[in-house]
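See structure below.
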Amino acid sequence: MDAKVEKKSLNWADLGFQYHKTDYRFSAVNVDGVWNEGELISSPTLEVHEGAPTLHYAQQCFEGMKAQTAEDGRILLFRPDLNSVRMNEAASRLLMPEVPRELFMRGVEEAVRANYAWIPPYGSGASLYIRPMLIGVGENLGLKPAKRFEFRVFVSPVGPYYKQAGLAVISLAVSELDRAAPRGTGSYKVGANYAGGLLATLKAQELGATEALYLDAREGRFIDEAGSANIIIAQDDNTLITPKSSAILPSITRRSLMEIAATTLKMKTEERPIDLRDEFASFREMAACGTAAVLSPVGRVWFDNAWHDVNGNGDSSGPVMQKLYDELIGIQRGEKPDPLSWLHEVEL
Ligand code: PLP
Ligand code: COI
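Here it is, written out as structure tokens:
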């Protein structure tokens, strides 16, 4: 690949979180348990049998990652090994074949490299979103696993998930609907968890919130997560807490932020059940975090028919979330040291 290929003339700084058709995507097929080599293709559409289990029974899982351009032009992925592991956990849960790590990485790297012209440049604030997916295709009417699967990786340049760039303050509304049961599929990145959340998000937005916040399905007391992001909370005594729950997606961003908090910021970190109503008054800062969301401070939360400002101020972000955000994106963009080798460079 000629690394000097000209970039597309997009208005990078104005991008939102939307699909842009790029030139190539990677596709590999598994038939009766055997993966083919996979290849880059140009068509963004799939021809899927009308009886495919992915369409009827949601036999599918996906991942979300980002590639960033460093100041020196390197293309950087953030902890892609963890996405590979998580995809395989979901695959096993839904009786789909695992995608070997080598195939996963090759698919991601080839899709990124082939779409070099679409990778937002350093300093634009935008990044290349990478969406690996695994779907059960082929004809299969009864409720049983597919015999044929496709692993596909497409990419799209994106800007901020929640509209404004940087540390935009968002609001969350506790949903009356549950996202996931304690022993269900909430901890796997499977599409089935998200279709059910569309209505919850709509209802949250009707209340003026950015996004839905889910409490635990058993008691409706403990914070689970937001519709597309995990939650972290700063308390007094230099403490950062995050919900412990079997029903939430184990966010790679959250895990990294907790590690940054403990090591770089020397904070006390704790993963434990967090009772929203009992503990809200002790929240000094609250944020949603994830690949798409990055770190988005939460200013207010709707529950029990009222808005509640975090720490009495619903409009601004605090110093802890600012530091965590700066450290995280500093590492991801290759601007800060990467002592734990989280970055993976895509060779051009
Ligand atoms: N929770 C949900 C429901 C998500 O969809 C995401 C996005 O991937 C996250 C949390 C954040 O996970 P990660 O940081 O691995 O992107
Ligand atoms: C991500 O953050 O990568 C996600 O998959 C969230 C999605 C709802 C956009």
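Mind the numbering: the sequence shown is residues 633 to 980 in the working numbering, read in order. Every residue, glycine too, gets a C-beta built ideally from N, C-alpha and C.
Residue span of the alpha helix (DSSP H) that contains residue i, given as start and end
i	result
R745	R733 to A746
S888	I884 to T895
H688	P685 to H688
Y761	Careful: Y761 lies outside any alpha helix (DSSP H), inside the beta strand (DSSP E) at S759 to V769.
V942	First-last for V942: undefined, no H or E at that position.
E838	G829 to E838
Three-state secondary structure assigned by DSSP to residue i
i	result
F915	coil
P814	coil
G950	coil
E902	strand
W974	coil
E959	helix
P752	coil
M697	strand
Q603	Because residue 603 is not part of the residues shown, which for the chain are 633 to 980, the question remains open.
D868	coil
A800	coil
L714	helix
A702	coil
R725	helix
N720	helix
N825	helix
L908	helix
Contact under 8 Å by Cβ, residue i with residue j
i	j	result
R725	E695	no
M697	F781	no
M953	P929	yes
Y748	A702	no
Residue i burial status per 10 Å Cβ neighbour count (16 or more: buried)
i	result
I767	buried
V666	exposed
L881	buried
P983	For the chain, the structure presents residues 633 to 980; residue 983 sits outside this window and is missing.
P814	exposed
L972	exposed
L908	buried
G922	buried
L831	exposed
G818	buried
V663	exposed
T895	exposed
A684	buried
N- and C-terminal bounds of the beta strand (DSSP E) containing residue i
i	result
S878	From DSSP, S878 is part of no beta strand (DSSP E); its letter is neither H nor E.
V926	V926 to F935
S659	R657 to V663
E843	E843 to L847
L647	Unbroken run through L647: none, as it is neither H nor E.
P789	R780 to V790
contact_flag[the stretch 754 to 761, the stretch 774 to 790] where n(CB pairs < 8 Å) is 3 or more: Contact holds: three or more Cβ-Cβ distances are below 8 Å.
Touch test, the stretch 795 to 813 against the stretch 838 to 847, Cβ-Cβ under 8 Å, three pairs minimum: The stretch 795 to 813 and the stretch 838 to 847 touch, with no fewer than 3 CB-CB distances between them shorter than 8 Å.
Touching by the beta-carbon criterion (3+ pairs, under 8 Å), the stretch 943 to 950 and the stretch 672 to 680: No, because fewer than three Cβ pairs between the stretch 943 to 950 and the stretch 672 to 680 fall closer than 8 Å, the two stretches do not touch.
At least 3 beta-carbon pairs within less than 8 Å: the stretch 823 to 838 vs the stretch 861 to 878: Counting Cβ pairs under 8 Å, fewer than three are found: no touch.
At least three beta-carbon pairs within less than 8 Å, the stretch 889 to 903 to the stretch 763 to 779: The stretch 889 to 903 vs the stretch 763 to 779: no contact.
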